[in-house]
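Colleague:
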Amino acid sequence: MAYFRPDPEIQQPVVDVEIASVDKDPLIMWVGELLPFLDPLMREKGGLEAAERVADDEQVKSVWQQRTDAQKSFEIIVEPGSDRRDAKKAADWLRELLTWLPFDDLTEKMGWSTFFGFSYAELMLVSDGKYITLDPDKGGIRVRRRDRFRFTKYGEPRLLTLSNQYEGEALHASRNWVLNYGGDHHDDPYGRGLWRWLFWPVFFKRGDLQKWLRFLEDFAAPSVMVTTPPGASEAEKKAAIQLAQAIRAGTSGRKTEGTIVELIEATRSGTADYATLHAAMNSAISKVILSQTMTTDSGSSYAQAEVHEGVALRVIKSDSDLLCQSFNTEVLAKRLCHWNFPDVEPPRIWRQVEPPADTKADAETDQIIFGWGYRPKADYVTEKYGDNYTDLQSAPEGEEEREPPLYQGLGVGGTQSLLDFLQSNTLSRDAALAVLQQVFGLTEEKALMLLPEEPEPDRGQEPERLPTPEATEDPQTVTGNPLSDALPPEHPEAEFAAPVDLTDAFAARLRQELSPVLSGWVDRIEEALGDAESLESFASQIPVLFPDLPSEAFRQALLDATVAAELAGRYESEDEG
-16 MAYFRPDPEI
-6 QQPVVDVEIA
4 SVDKDPLIMW
14 VGELLPFLDP
24 LMREKGGLEA
34 AERVADDEQV
44 KSVWQQRTDA
54 QKSFEIIVEP
64 GSDRRDAKKA
74 ADWLRELLTW
84 LPFDDLTEKM
94 GWSTFFGFSY
104 AELMLVSDGK
114 YITLDPDKGG
124 IRVRRRDRFR
134 FTKYGEPRLL
144 TLSNQYEGEA
154 LHASRNWVLN
164 YGGDHHDDPY
174 GRGLWRWLFW
184 PVFFKRGDLQ
194 KWLRFLEDFA
204 APSVMVTTPP
214 GASEAEKKAA
224 IQLAQAIRAG
234 TSGRKTEGTI
244 VELIEATRSG
254 TADYATLHAA
264 MNSAISKVIL
274 SQTMTTDSGS
284 SYAQAEVHEG
294 VALRVIKSDS
304 DLLCQSFNTE
314 VLAKRLCHWN
324 FPDVEPPRIW
334 RQVEPPADTK
344 ADAETDQIIF
354 GWGYRPKADY
364 VTEKYGDNYT
374 DLQSAPEGEE
384 EREPPLYQGL
394 GVGGTQSLLD
404 FLQSNTLSRD
414 AALAVLQQVF
424 GLTEEKALML
434 LPEEPEPDRG
444 QEPERLPTPE
454 ATEDPQTVTG
464 NPLSDALPPE
474 HPEAEFAAPV
484 DLTDAFAARL
494 RQELSPVLSG
504 WVDRIEEALG
514 DAESLESFAS
524 QIPVLFPDLP
534 SEAFRQALLD
544 ATVAAELAGR
554 YESEDEG
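With my numbering, the residue at position 494 of the sequence shown is 477, and numbering never jumps.
#1: Enumerate in chain order the residues of its own chain whose CB-to-CB distance from P359 is below 7 Å, with the five nearest sequence positions on each side excluded.
#2: Taking Cβ positions, are G123 and P329 nearer each other than 9 Å?
#3: Are there 16 or more other CB atoms within 10 angstroms of the CB of A156, so buried, or fewer, so exposed?
#4: R128 and T135: beta carbons closer than 9 Å?
#5: Check each candidate in L117, L273, K270 and name the one with the smallest Cα separation from E105.
#6: Quick check on the DSSP output: what are the complete beta strand (DSSP E) runs of length 3 or more inside the segment 145 to 223, in order along the chain?
#7: Determine the closest residue to V207 out of E313, Q225, D256, with distance taken between C-alpha atoms.
#8: Report the option in E509, E240, S303 whose CA atom is closest to the CA atom of A569.
#9: Answer with buried or exposed for Y137, where buried requires no fewer than 16 other C-beta atoms within 10 angstroms of its C-beta.
#10: Should R179 be labelled buried (16 or more other beta-carbon atoms within 10 Å of its own) or exposed?
#11: At 4 residues or longer, what runs of the alpha helix (DSSP H) sit wholly inside the segment 35 to 73?
#12: Suppose the cutoff is 8 Å on Cβ atoms and the five residues either side in sequence are ignored; what does the same chain contact list for D(-1) look like?
#13: Kindly list the residues whose CB is nearer than 6 Å to the CB of E509, restricted to its own chain and excluding five residues on each side of it in sequence; keep chain order.
#14: According to DSSP, is Y561 part of a helix, a strand, or is it coil?
#15: Quick one: what's got a C-beta closer than 7 Å to E386's C-beta in the same chain, skipping five residues either side?
#16: Taking the beta carbon of W355 as the centre, do at least 16 other beta carbons fall within 10 Å, making it buried, or is it exposed?
#17: Should the segment 255 to 275 be regarded as contacting the segment 177 to 195, the criterion being three or more beta carbon pairs within less than 8 Å?
#18: Roughly how many angstroms lie between the CA atoms of W160 and M25, to the nearest whole one?
#19: Closer than 6 Å by C-beta to R197: which residues in its own chain qualify, once you throw out the five before and the five after it? Chain order, please.
#20: Taking the Cβ atom as the reference point for each residue, do E568 and K44 lie within a distance shorter than 9 Å?
#21: Tell whether a beta-carbon distance below 9 Å holds between T97 and D302.
#22: Assuming D563 contacts D170 (C-beta within less than 8 Å), just tell me the rounded distance between them.
#23: Taking Cβ to Cβ, would you say L21 is nearer than 9 Å to Y164?
#24: I need the straight-line Cα distance from F99 to L162, nearest angstrom please.
#25: If we count the other Cβ atoms within 10 Å of its Cβ and call it buried at 16 or more, is E456 buried or exposed?
#26: Considering just the uninterrupted stretch of the beta strand (DSSP E) at A104, what are its terminal residues?
#27: For T116, which beta-bridge partners are listed by DSSP?
#28: Assign L319 to one of two classes, buried (16 or more other C-beta atoms within 10 Å of its C-beta) or exposed (fewer than that).
#29: If I measure Cβ to Cβ from L77 and keep anything under 6 Å in the same chain, skipping five residues before and after, which residues do I get?
#30: Can you check which of these residues, Q420, Y149, D130, D370, is closest to A34 by C-alpha distance?
#31: I need the straight-line Cα distance from Q420 to E427, nearest angstrom please.
#32: Could you check if A258 is buried or exposed, using at least 16 other CB atoms within 10 Å of its CB as the buried criterion?
#33: What's the C-alpha gap between M12 and F86?
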């Protein structure tokens, strides 16, 4: 591969020079001060008058009104250029200006640049003693008739007057607002409007309508044929012709004896051909203006019309963005805000064309991904849901802390199971506290809230203990009896000779039997936690970890407890009997 050596001249940039300026174009360098229309169709068909004749078509008017009215229906949004106080002040000033400025009317009138190629508006400036603003008595901004203006070779607008029709009068730059549309280069300030693509469909449609009307005139009503008898005189033939004309005109006439009158229908009908061409041209007009046809023509399904409506919405948004960007640049940035707030980023005006995002569906998707062990980044949350949310892990003092992902993933049922396990297990309070902190990542304050309160020691008289199995002569309480095995060795809180609650007895014995098993589980969980890189990765290992935990001893303990409970129940029933 050859080594690329940059051109030394490229390393020295040439600034403030336009190399391929339009005045060097050999096609237009001899045309004079004003630039002629560069669109060959506009030159051939008579300039802007041809475009205005296209706008007179009823289908063009209907579809174009749909495009402009839809744009005006969306809400106007004003945003400050930055978070600085003076930038917000400039935005407030613009909002106050929009309370009387007919921006919807400007949207409609300046929007015709999309149709003709360009529009010109004059800023009606006035000073109110504090700001240079728009004059409300003169409408603020007035859109002028475009055929009164031409452009120089450098793109500067000139006003054609009676005394200066060839070079035009120069206009002060502070008053100009020019909006261009279309074209495949920047050398044509007149733009390329949609009218040039609508010209031929409208032309063919009008020719079709002329022929269609002529056909209806000739063949819509049946022809009248009058037959005279053989040997009829010239007077009788003349009377027969007058009778046919009277019938065709809808009046009455005199029929001579032997004369036969017949109505002849057209043998063929060209109505379908004319109607088909007419519909095809209307469809072409709709497609040029809205880029689709199913929101204007009948016969489409709901699903198709919904898809085409999305296409039309994108076209409307494109128009809105073009006009708002031009207003922000030409009117606000270059003029009003530059004069009144010179050191401030100018505010922006735009329309809320796109519907708001479905945050509910996004939140449900994010919740599923969160369950996999992934937490969204702060930038993603701000972009998707706005900047009205704060990360609770880094929240200021006094705000609630974010619960760890592993604890959040438990849900209501999982949290209750965890509490039941901690409250029924034989783990000490310190061990349970360590599990909540190290395994589930809770703070000490949160963990202490979940643990049961530690009972206070009884400093009164020491309660008497229940008799041990060795001190009784009852053969049913000897060692090996299921009831005796289920009872705890001592009941410090029980009164002397109080009846023993079998449920509490079996629960205590079950805790004693399951303590080694559950402790082994905790060891396995702590081992996995120590190997995990983060709580998120550890949470994703939980579903894989549980099947590997030793469960045979747990199952056997539950089975023994079930058998013991059944035998104890039988014993208690026989004892009561």
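The beta-carbon is built from N, C-alpha and C at its ideal position, and this holds for glycine as well.
Modeller: Based on what the coordinates show:
#1: As a working mapping, residue 359 is identified with position 376 in the sequence shown. Answer for P359: D349, listed in chain order.
#2: The residue labelled residue 123 in the question sits at position 140 within the sequence shown. The residue labelled residue 329 in the question sits at position 346 within the sequence shown. Judged by their CB atoms, G123 and P329 are not nearer to each other than the 9 Å cut-off.
#3: Along the sequence shown, one-based indexing puts residue 156 at 173. Exposed is the call here.
#4: Numbered from 1 along the sequence shown, position 145 holds the residue referred to as residue 128. Numbered from 1 along the sequence shown, position 152 holds the residue referred to as residue 135. Going by C-beta atoms, R128 is not nearer than 9 Å to T135.
#5: As a first step, residue 105 is located in the sequence shown; it is residue number 122 there, counting from the start. Answer by Cα proximity: L117.
#6: Listed in chain order, they are 159 to 163, 206 to 210.
#7: If you number the sequence shown from 1, residue 207 lands on position 224. Residue Q225 is the option with its Cα nearest to V207.
#8: The requested residue 569 is not part of the displayed model; the chain covers only -16 to 560.
#9: Here residue 137 is taken as the residue at index 154 of the sequence shown, counted from 1. By the C-beta density criterion, Y137 is exposed, having fewer than 16 other C-beta atoms within 10 angstroms.
#10: Within the sequence shown, residue 179 is the residue found at index 196, counting from 1. So R179 counts as buried.
#11: You should have 41 to 55.
#12: Against the sequence shown, residue -1 aligns to sequence position 16. Taken in chain order, the list of residues that qualify is empty.
#13: Along the sequence shown, one-based indexing puts residue 509 at 526. Within the same chain, no residue comes within 6 Å of E509 by CB-CB distance, once the 5 residues on both sides are set aside.
#14: Lying outside -16 to 560, the shown extent of the chain, residue 561 is not represented and no answer is given.
#15: Residue 386 sits at position 403 when you count from the first residue of the sequence shown. For E386, the predicted structure reports a pLDDT of 49, less than 50, and the residue's modelled location is therefore unreliable. A value from the coordinates is still provided. In the same chain as E386, and ignoring 5 residues on each side of it, no C-beta atom comes closer than 7 Å to its own.
#16: Counting from 1 along the sequence shown, the entry for residue 355 is found at position 372. By the 10 Å Cβ count, W355 comes out exposed.
#17: Result yes; three or more Cβ-Cβ pairs closer than 8 Å.
#18: Counted from its first residue, the sequence shown places residue 160 at position 177. Counted from its first residue, the sequence shown places residue 25 at position 42. Our two residues, W160 and M25, have alpha carbons roughly 23 Å apart in a direct line.
#19: As a working mapping, residue 197 is identified with position 214 in the sequence shown. Within the same chain, R197 has no close Cβ partners at all.
#20: Residue 568 is absent from the model: the chain starts at -16 and stops at 560.
#21: Within the sequence shown, the letter at position 114 stands for residue 97. Within the sequence shown, the letter at position 319 stands for residue 302. Yes.
#22: An answer regarding residue 563 cannot be provided, because it is not within the stretch -16 to 560 covered by the chain.
#23: Mapped onto the sequence shown, residue 21 falls at position 38. Mapped onto the sequence shown, residue 164 falls at position 181. No. Outside cutoff.
#24: Along the sequence shown, one-based indexing puts residue 99 at 116. Along the sequence shown, one-based indexing puts residue 162 at 179. Approximately 11 Å, taken between the alpha carbons.
#25: Residue 456 sits at position 473 when you count from the first residue of the sequence shown. Unreliable positioning characterises E456 in this predicted model, as indicated by a pLDDT of 43, which lies under 50. The coordinate reading is nonetheless provided below. Counting of Cβ neighbours within 10 angstroms places E456 among the exposed residues, the total staying below 16.
#26: Numbered from its first residue, the sequence shown carries residue 104 at position 121. Start and end: 101 to 106.
#27: Counted from its first residue, the sequence shown places residue 116 at position 133. Assignment of beta-bridge partners to T116 by DSSP yields V109.
#28: The residue you call residue 319 lines up with position 336 of the sequence shown. Counting C-beta atoms within 10 angstroms of its own C-beta, L319 has 16 or more neighbours from the protein chains shown and is therefore classed as buried.
#29: The count along the sequence shown starts at 1 and reaches residue 77 at position 94. Here the set comprises V61, P330.
#30: In the sequence shown, residue 34 corresponds to position 51, counting from 1. It is D130 whose Cα lies nearest to the Cα of A34.
#31: As a working mapping, residue 420 is identified with position 437 in the sequence shown. As a working mapping, residue 427 is identified with position 444 in the sequence shown. Rounded to the nearest whole angstrom, the CA to CA distance from Q420 to E427 is 7 Å.
#32: As a first step, residue 258 is located in the sequence shown; it is residue number 275 there, counting from the start. Under the 10 Å beta carbon count, A258 is surrounded by fewer than 16 other beta carbons and is classified as exposed.
#33: Sequence index remark: in the sequence shown, residue 12 carries index 29 (1-based). Sequence index remark: in the sequence shown, residue 86 carries index 103 (1-based). Using only the alpha carbons, I get a separation of about 39 Å.
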